[in-house]
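Protein chains in written order, with my numbering: chain A, 1 to 338; chain B, 339 to 676; chain C, 677 to 1014.
The C-beta atom is built at its ideal place from N, Cα and C for all residues, glycine as well.
Below is one structure, written out as structure tokens, with a few remarks after it.
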Amino acid sequence: MKLQEIAERLGGTVEGDGSLEITGVNGMELAEQGQITFLADKKFKDQLKTCNASAVIVPKKMETDKAQVVHPAPALAFAKLLAEYHPEPRPQPGVDESACIADGVQLGKDVTISPFVALGKDVVIGDNTVLHPGVVVHEGCRIGNNSTLFANVTVYRNSVIGNHVVLHAGVVIGADGFGYTPDEKGRHVKINQVGRVVIEDHVEVGANTCIDRAAFGETVVGEGTKIDNLVQIAHNCDIGPHSIIVSQAGIAGTCKLGHHVVLAGQVGLADHVTIGDQVIVAAQAGVNKDLSEPGFYGGSPAISAMTWKRYTTLLPKLPELSRKIQELEKRLNAIEKE
Amino acid sequence: MKLQEIAERLGGTVEGDGSLEITGVNGMELAEQGQITFLADKKFKDQLKTCNASAVIVPKKMETDKAQVVHPAPALAFAKLLAEYHPEPRPQPGVDESACIADGVQLGKDVTISPFVALGKDVVIGDNTVLHPGVVVHEGCRIGNNSTLFANVTVYRNSVIGNHVVLHAGVVIGADGFGYTPDEKGRHVKINQVGRVVIEDHVEVGANTCIDRAAFGETVVGEGTKIDNLVQIAHNCDIGPHSIIVSQAGIAGTCKLGHHVVLAGQVGLADHVTIGDQVIVAAQAGVNKDLSEPGFYGGSPAISAMTWKRYTTLLPKLPELSRKIQELEKRLNAIEKE
Amino acid sequence: MKLQEIAERLGGTVEGDGSLEITGVNGMELAEQGQITFLADKKFKDQLKTCNASAVIVPKKMETDKAQVVHPAPALAFAKLLAEYHPEPRPQPGVDESACIADGVQLGKDVTISPFVALGKDVVIGDNTVLHPGVVVHEGCRIGNNSTLFANVTVYRNSVIGNHVVLHAGVVIGADGFGYTPDEKGRHVKINQVGRVVIEDHVEVGANTCIDRAAFGETVVGEGTKIDNLVQIAHNCDIGPHSIIVSQAGIAGTCKLGHHVVLAGQVGLADHVTIGDQVIVAAQAGVNKDLSEPGFYGGSPAISAMTWKRYTTLLPKLPELSRKIQELEKRLNAIEKE
């Protein structure tokens, strides 16, 4: 594509040579001549000097020898352009003869059912959906249109998975919630988990993440929420839409998250915690109480990030503070003696 | 079942209309008319008012318009009733023709060997055991009766798995322990891990959890212990019976846990740590020393939970304490000048 | 083997009866008569008294009734001997007829392609490499010689895996990095991840670990690095050679690690962090800034381990310090009144 064409598609304007042929899309450090890159913020503009790209998407026109596409949201424009230059490859539609398909399964148009896929009774798979090798979908599950289940994903019975959902390799949807009650001899007796998991549209779930089904009712992941690798979501959680849950975060049972929540890496939520809309929780924080106001929280137990950062800075000074207290005490003793 | 019949089966007594037909079992929030629910503790009895269930299992007779089954352990009674109304579904016995079964494999009565299951040489599978699609059991493993291995579980060679064991999808049993020793050039040389894993009866292991085999000897998970998703149990651990290990906890090599231990979510144990019977460790704690006395521990490094909670409450006040020390110093300076 | 022969192979010297027939290799606690064990350090020599081994590899000749092999690096010598007595079992070479092999796949000499393995277009597998059942390797991947992929491993497209690499069961190599950018309505728009993963020679990756492919360019794991179970390595990380990453550690995007780095269990690294050569980070630490000097770090946020340990010791004394400050204040008030 020529730069002018790119600008028109993205809804931006060209500064410089619009007839430039753009051969590829790349990150700033790796971009080569002929390629286009982007600058998310003017403060990084020094990096442009050592960048070999021929064109750059920028938020405002700036001083540079590169051709520019001016666009109010450069990262978003770049993401769209990238998807055109590098669309996610899609295997051919078709049902591999090795796949094991139980009675009552309904397959949509142009599905891809790869080798060694097992579909249980009455499973429904929507149009254009791709199941990579080794995917196992147990009976009664419904999967929407245009979704992709990567290799070796397991979906337990009666799970509902929406449209445009991506489940990465090794994901486990709908395994039993962790529910037991002790008997008179202290043995843990299983509380059968009879609910299900519902994954709404446009959700993406990272590799080897686990989302347990509800004891009763539903564990829900709301529309457009993105979940990273190795995350744990326990039974009966209700994860709101458009949230971000980073790798190795763990959410205990019956937690409720609002929309546009961000849980950073390795965050832990105790059970029955409610997190309000637009709450951001810093990495490794441990949340044991509701966080209802939008804002940034951190620490374990999690509190306002400002307070958390303030005390954190002082922790290395604890030995000094302790010494000072001893010293003050001595001096006071001396004064009192007088 | 009629309420009277339910009470008799559970060993409880009816208060109210014993002829009531109970159509289902449900949690308090979701229960509908005709269904039975339970009240674990009298302190939650206000929740009964908004609950639509027709009957409730209670620890003691109480004021309510619902029919009651009085039982000393309502949660336990409920769990048993739930298992009758919603038994875990079981696939038909039989060996799928796609399964790959090596020489010397012994299959018990009424086993289910699903599509794409691979069994190595001399594997022994007990009666009524179910292997879901994609399960791989390497040579020399023995699996007991009435056990269930969900989809895409991998069991490395020579592992021993008891009766009534449940391994959820993606579990890896018996992978190599993490053992290396540096050579003269600082390269990590593998210490071959020649031991095995032993999982005793009635153990349940959550999705994508990993239990490594021993360097020598055995990694053991004791009878009735329940392990959640994404847990790491390293080589040579000896996990006692009837313990609870919550999601994302990590147990380093050669740890020893007693019976009825509880490790909450994201807990970490350093290697060679011994945890006594009935020790409870709070979420995200880091245990680097033996905890021998029964009780509740928390923090990183983990100490008595009471002490941990006390200092934790003071952390946000550190800036104030620091300021106070400065102020006291100034005032002392002033006095000393005089 | 006779003890004399063992000593010669290992490059050590015999003290005692070199004609002793050594029937096996074992850890000190489990060793039986006729077997050989090792003593890593003289300080553990008391343990020799209760050990039943007939011979022991020691760093220096010592007082014991056991026959000795004196070797400057007993653990290393032991590891080598162990590999001779207990070589890693290797399945027969051959391609199982159930395997699904796409066009353009190149298989080296003596490969083992197990049942239910799926190889995408143009995959290259080197000599002597073993793919266990359920392994899925997507199109364009190259895997070197003498490598082993255990059951149910998934390798996404275009990944490059070296020689003598071991990927344990459930590992996911090359899943999409976690990259999104918000649109005008606050929906997360995917940034297609068009890079790849490169795993160099002699790397071992533990069960269910995830290594994401780069947004652009490469995520790299350097030669000889050993990674434990359930580790997260995000897109564009560059992990140096001969490093150790212990279970459940999580490394966010675009981190750079030097050589001989050690990250202990459950460590978290924020994105864009650089860790210098020979840095050791203690378990559960959270690293949010570069650590450039070799040394030992801990805490969250991570600092010098010495400082971290010092303040950690004082944490339980915070309530006492707080009380003391109050007391000092009162005494000062009294003095000032005078």
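Original post:
Any heavy atom of the ligand GDP closer than 7 angstroms to the Cβ of Val793(C)?
Top reply: What this structure holds is no ligand at all, so the ligand GDP is not there to describe.
**OP:** For Thr645(B), go through chain C and note every residue whose CB falls closer than 7 angstroms to its CB, in chain order.
**Re:** Pro992
**OP:** Quick one: which residues of the region 624-648 of chain B get their C-beta closer than 7 angstroms to a C-beta of chain A? List them in chain order.
**Re:** none
**OP:** Could you pull out every residue in the same chain whose Cβ sits closer than 6 angstroms to the Cβ of Glu1014(C), ignoring the five residues on either side in sequence?
**Re:** none
**OP:** State the DSSP-derived secondary structure class of Lys721(C), mapped to helix, strand or coil.
**Re:** helix
Original post:
Does any C-beta atom of chain A lie closer than 8 angstroms to the C-beta of Phe516(B)?
Top reply: no
Subject >> chain A contact for Ala621(B) (CB, 8 angstroms cutoff) >> reply: At least one chain A Cβ lies under 8 angstroms of Ala621(B).
Original post:
How about Ala590(B) and Val619(B): do their beta carbons lie closer than 8 angstroms?
Top reply: no
**OP:** Spatial neighbours of Ser968(C) within its chain, please: CB distance less than 6 angstroms, with the 5 preceding and 5 following residues excluded, ordered by chain position.
**Re:** Excluding residues up to 5 positions away in sequence, Gly952 lie with their Cβ nearer than 6 angstroms to the Cβ of Ser968(C) in the same chain.
Original post:
Can you name the residues that DSSP bridges to Tyr180(A)?
Top reply: Lys190(A)
Original post:
What's the C-alpha gap between Leu659(B) and Glu1012(C)?
Top reply: Rounded to whole angstroms, Leu659(B) to Glu1012(C) spans 21 angstroms at the Cα level.
**OP:** Determine the DSSP secondary structure at Gln622(B), reduced to helix, strand or coil.
**Re:** coil
Original post:
From Val246(A) to Gly265(A), what does the alpha carbon distance come to, in whole angstroms?
Top reply: Straight across, the Cα-Cα distance linking Val246(A) with Gly265(A) is about 5 angstroms.
Subject >> Start and end residues, beta strand (DSSP E) containing Arg310(A) >> reply: From DSSP, Arg310(A) is part of no beta strand (DSSP E) but of the alpha helix (DSSP H) over Ala305 to Leu314.
Original post:
Hey, quick one: how far does the beta strand (DSSP E) through Gln373(B) stretch, first residue to last?
Top reply: Gln373 to Phe376
**OP:** Indicate whether Thr830(C) and Val812(C) have their beta-carbon atoms separated by less than 8 angstroms.
**Re:** yes
**OP:** Name, please, each residue of chain A whose Cβ falls closer than 7 angstroms to the Cβ of Pro453(B).
**Re:** Cys100 and Ala118
Original post:
Cβ of Ala440(B) within 8 angstroms of Cβ of Leu419(B)?
Top reply: no
**OP:** Using three-state DSSP, classify Ala393(B) as helix, strand or coil.
**Re:** strand
Subject >> Residue environment, Ser823(C), which counts as buried when at least 16 other CB atoms sit within 10 Å >> reply: buried
Original post:
With respect to the alpha helix (DSSP H) encompassing Phe754(C), which residues constitute its N-terminal and C-terminal limits?
Top reply: Pro750 to Tyr761
Subject >> Residue closest to Thr592(B), alpha-carbon to alpha-carbon, out of Glu426(B), His573(B), Phe516(B) and Ala545(B) >> reply: The closest CA to that of Thr592(B), considering only Glu426(B), His573(B), Phe516(B) and Ala545(B), is found on His573(B).
Subject >> Residue nearest to Ile22(A) in terms of C-alpha spacing, selected from Gln92(A), Glu29(A) and Asn52(A) >> reply: Asn52(A)
Original post:
Using 8 angstroms as the threshold, is the region 432-439 of chain B in touch with the region 747-762 of chain C, meaning 3 or more CB pairs across them?
Top reply: no
**OP:** Determine the direct distance from the alpha carbon of Val221(A) to that of Gln371(B), and round the result to whole angstroms.
**Re:** 28 angstroms
Original post:
Do Leu30(A) and Gly893(C) come within 8 angstroms of each other at the CB atom, strictly closer than that value?
Top reply: yes
Original post:
Of all Cβ atoms in chain B, is any one closer than 8 angstroms to the Cβ of Phe720(C)?
Top reply: no
Original post:
Do Ala283(A) and Val267(A) have their C-beta atoms within less than 8 angstroms of each other?
Top reply: yes
Original post:
Cβ of Gln586(B) less than 8 angstroms from any chain C Cβ?
Top reply: yes
Original post:
Should Gly562(B) and His540(B) be called a contact, given that it needs their Cβ atoms to be closer than 8 angstroms?
Top reply: yes
Original post:
DSSP on Leu568(B), reduced to helix/strand/coil?
Top reply: coil
Subject >> Residue range of the alpha helix (DSSP H) that includes Glu327(A) >> reply: Leu318 to Lys337
**OP:** Please name the residue in Ala946(C), Phe720(C) and Ser980(C) whose C-alpha comes closest to that of Asn964(C).
**Re:** Ala946(C)
Original post:
Given a limit of 8 angstroms on CB to CB distance, which residues of the region 897-915 of chain C reach chain A?
Top reply: Leu906, Gln908 and Ala910
**OP:** Report the residues of the region 737-768 of chain C with a CB closer than 8 angstroms to any CB of chain B, ordered along the chain.
**Re:** Residues Ala749, Ala751, Leu752, Phe754, Ala755, Lys756, Leu758, Ala759, His762, Pro763, Glu764 and Pro765.
Subject >> Residues of its chain near Tyr635(B), where Cβ-Cβ distance is below 8 angstroms and the 5 sequence neighbours each way are ignored >> reply: Val617, Ile618, Val619, Ala620, Ala623, Val625, Leu629, Ile641, Ser642, Ala643 and Trp646
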